[in-house]
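Just below is one structure, and these are the notes that go with it.
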Amino acid sequence: MSALLEVEDLKVAFTRRGEPDSVAVDGVSFDVQPGEIVGLVGESGCGKSVTSLAIMRLLPERGNRVTGSIRMDGDELTALSDGQLRERRGRDLSMIFQDPLSSLNPVITVGLQITEVLTRHRGMDKKAARAEAVELLDRVGIPDPRRRLDAYPHQLSGGMRQRALIAIALACSPRLLIADEPTTALDVTIQAQILDLLKQLVAETGTALVMITHDLGVVAGLCDRVNVLYGGRIVERAERHELFRAPRHPYTHGLLGSIPRLDGPPGEDLAAIKGSVNDNLPWTSACAFAPRCPNALEVCTSVTPAPVEDGRFLRCHNPVGAS
Amino acid sequence: MTSLLTRRRDKIDDLGGRSLTADALIRLRRNPVAIVGAVIVGLFVLVSIFAPLLAPHGPAEVFPELQRNLRPDSIPGALPGFPLGSDQNGRDFFSRLLLASRQTLFVGVFATLIGLVFGVLIGAIAGAFGGWVDTVLMRVTDVLLSIPSLLLAISIAALAARPSQTTVIIAVALVNVPIFARLLRGAMLAQRESDHVLAATSLGVRRGAIVVRHMLPNAMGPVIVQATLTLATSILDAAALSFLGLGDGDPARAEWGLMLANAQSYLDVRPALAFYPAIAIILVALGFTLLGEALREALDPKGRR
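Line by line, the protein sequences are chains A and B.
First residue of the first sequence: 1, per our numbering; consecutive thereafter.
First residue of the second sequence: 1001, per our numbering; consecutive thereafter.
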């Protein structure tokens, strides 16, 4: 089976005249199979959101440099004209953003925002689009969808807004959906509902999902494969159960170790990864994570760890569990 | 208790029922400044609409019984049938004062509307396209904004071969264009960076639709408020142009600025001739300003609870 989405050696650098480039994504490669749920996990500033924006080509036109290859169905997305890209966005691939309130247009009704996409990509007339919009809202679990069509975003609750956004993103049954922290702005109870909904819709429609999150709980419940990003590079990639059972990269290990456990002894300090992303070394001559790494060796500060592919993808000189 | 519960439920079922406009209106009604402004503006509009019915006489009618009493050192005051007496030419001052409100409203509204339409057009284009289009349009706007508005209006009005009401409207409208253009352009730029525009882009919505449906309506708030405030300055500018003799010279039409100018020579004889039109101009400008300020406050999202 050929991959739906192939990202190869994607680099995004933010440029500013008179200043050295700031590299946000530094050679990221991954693929997504049809119908698969792939996680991109990492802390703030690791480049996960920039990666998603680069795939959608939503980065600002100026002030950055994107290199590498992004192929969907074998078509090079980076080579498409703006017009061709607009035809595919929303139809073949679409995106859900973090904050459902600010991602909806406050001055037009939810219904209009759904029908807009339907008339645009599926050539429906107004009436058919409205009927379809009711279906969509119903499918994402919005009660009384016919009335909700005429509601403005501020009249909906946070969870309902995110449901509406999902309905809009899935309106044209895209084959790839990118969700950029879709639950971060929601209450915990609503988060679970939204994740269940996404899982169910993806299973029903066969849409592939790229889940961008900093929340390992989200990954554990949802993703088939997980990419762990650190400092703009993928440091570990594994099948979900493999990753949680035996994290190999010290960063992944640290992340999993820092999750509080209900069955842990009370009063025990929570494990933490010391330092912050500001302590990173440049990937060009070291491992970026070395200063924060409990497993760091001399070599980690002087040689870039080469990626190793054996059962899983790993970029580490001294992985956890190595003899 | 049950009734309270049902009422609460109804309220919740009512889809949070208040639109932004309704919300703003409710807050306007609670604001005394808004009430004062609205009353002044409302009265002014009513008077100018019904002025031909309210005014006892025509604006150009000369009355022999008034003219007979005109002397270099006295102009007759209130007489039966002439509540405010005569003007310097033996016409009914009260009628002229009322009828002049129509010119003011007409000029103010049209100068603002024309300025609004062209300003919005320029601002939207500059803000939506950016790049060199934006640079060119905004530099021209800067140049126009750097000239004091009244000076600019005078210069434009003075270009006309024969001053008329139309030239006054054009002059004042041109002064208003850069104000609206600059304001909308800024708001459009902010919209361009907004999440919902990014979301619409990610759905492949066409550029035109993004500008017209997603950016423009969200950027119009400050422009609408500015329009109310601009009504006040337009009225003042138009009155100033008439006062300086660049307005409509037609004696059949009464105009507050012109009445004020003509009253100058009779200030020591009958100051009321200057006093009433001046008060009228000030009141109307104040009314629109109060209403505009209140509207700005009501629409300000920071003030919303």
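Note that the Cβ used here is the ideal one computed from N, Cα and C, for glycine as well.
Keep in mind it's a predicted model, so treat the numbers as computed, not measured.
Check your understanding: Using the beta-carbon of each residue, which ones in chain A are nearer than 8 Å to G1119/B?
Key -> Near G1119/B there are no residues of chain A at all, since even the closest Cβ is about 20 Å away, more than 8 Å.
Check your understanding: Start and end of the alpha helix (DSSP H) containing F1275/B?
Key -> A1272 to L1299
Check your understanding: Can you name the residues of chain B whose CB is closer than 8 Å to the CB of R91/A?
Key -> G1204
Review point. Closer than 8 Å, CB to CB, is A1187/B near chain A or not?
Key: no
Check your understanding: So, do the stretch 43-60 of chain A and the stretch 220-237 of chain A have three or more beta carbon pairs nearer to each other than 8 Å?
Key -> yes
Check your understanding: Count the other CB atoms within 10 Å of the CB of V299/A; is the residue buried (16 or more) or exposed (fewer)?
Key -> exposed
**Study point:** For N1089/B, the nearest candidate out of S1095/B, F1063/B, L1098/B and V1107/B (CA to CA)
**Key:** F1063/B
Practice item. For H121/A, return the contacting residues in chain B, with the cut-off set at a CB-CB distance below 7 Å. Key: G1204
Check your understanding: Between F244/A and L255/A, is the Cβ-Cβ spacing less than 8 Å?
Key -> no
**Study point:** Endpoints, beta strand (DSSP E) assigned at D1134/B
**Key:** No beta strand (DSSP E) holds D1134/B; the alpha helix (DSSP H) holding it covers G1131 to S1146.
Review point. If you drop the 5 nearest sequence neighbours on each side, which residues of the same chain put their C-beta closer than 7 Å to that of T1167/B?
Key: A1157 and A1160
Review point. For T15/A, which three-state DSSP category applies?
Key: strand
Point to revise | Local conformation of I37/A per DSSP, three classes | key: strand
Check your understanding: How many angstroms separate the CA atom of E181/A from the CA atom of R1139/B?
Key -> 41 Å
Check your understanding: What do you get for D99/A, buried or exposed, if any count of 16 or more other CB atoms within 10 angstroms of its CB means buried?
Key -> buried
Exercise for review: Ignore the nearest five residues each way along the sequence and tell me which others in M1118/B's own chain have a CB closer than 7 Å to its CB.
Suggested key: The sequence given here has Phe at residue 1118/B, not Met. Answer for F1118/B: V1177, listed in chain order.
Point to revise | Coil, strand or helix - G27/A by DSSP | key: strand
Point to revise | Under the three-state DSSP convention, the category S1202/B falls into | key: helix
Point to revise | is_contact[P145/A, chain B] using C-beta, thresh 8 Å | key: no
Exercise for review: Count the other C-beta atoms from every protein chain shown that fall within 10 angstroms of the C-beta of W283/A, then say buried if there are 16 or more, exposed otherwise.
Suggested key: buried
Review point. Going along chain E, which residues have a C-beta under 7 Å from I168/A?
Key: The displayed structure is made up of protein chains A and B, and chain E is not among them.
Review point. Taking only beta-carbon atoms, is A1024/B less than 8 Å away from chain A?
Key: no
Exercise for review: Quick one: which residues of the stretch 31-60 of chain A get their C-beta closer than 7 Å to a C-beta of chain B? List them in chain order.
Suggested key: M56 and L58
Check your understanding: Quick one: is E116/A near chain B, going by C-beta distance under 8 Å?
Key -> yes
Review point. If we count Cβ pairs, one from each stretch, closer than 8 Å, do we get three or more for the stretch 26-37 of chain A versus the stretch 197-210 of chain A?
Key: yes
Check your understanding: Alpha carbon to alpha carbon, how far is R1305/B from L1299/B?
Key -> Residue placement at R1305/B is poorly supported in this model, since its pLDDT is 42, which falls under 50; the coordinates still yield a value, given next. Whole-angstrom Cα-Cα distance: 12 Å.
Point to revise | Top-ranked residue by Cα proximity to S1155/B, from H1196/B, G1245/B, G1186/B and L1099/B | key: G1245/B
Point to revise | Continuous beta strand (DSSP E) assignments of at least 3 residues falling wholly in the stretch 164-236 of chain A | key: 176-180, 208-213 and 225-230
Exercise for review: Per DSSP, which residues does L5/A bridge with? Please list them.
Suggested key: V32/A and M72/A
Check your understanding: Taking the alpha carbon of A238/A as the point to measure from, which residue in V38/A, V110/A and S81/A has its own alpha carbon closest?
Key -> V38/A
Exercise for review: For I1012/B, decide whether its Cβ has a neighbour in chain A, counting only Cβ atoms nearer than 8 Å.
Suggested key: Its pLDDT being 48, under 50, I1012/B is placed unreliably in this model, and the value from its coordinates should be taken loosely. No, I1012/B lies away from the interface with chain A (no Cβ there is under 8 Å from its Cβ).
Review point. Quick one: any contact between the stretch 1057-1076 of chain B and the stretch 1241-1260 of chain B, if contact means 3 or more CB pairs under 8 Å?
Key: yes
Review point. In chain order, which continuous runs of the beta strand (DSSP E) of length 3 or greater are located wholly inside the stretch 1199-1267 of chain B?
Key: none
**Study point:** Buried/exposed call for M1001/B, threshold 16 Cβ in 10 Å
**Key:** Any reading at M1001/B is ruled out, since the residue's pLDDT is 46, under 50, leaving its predicted position unreliable.
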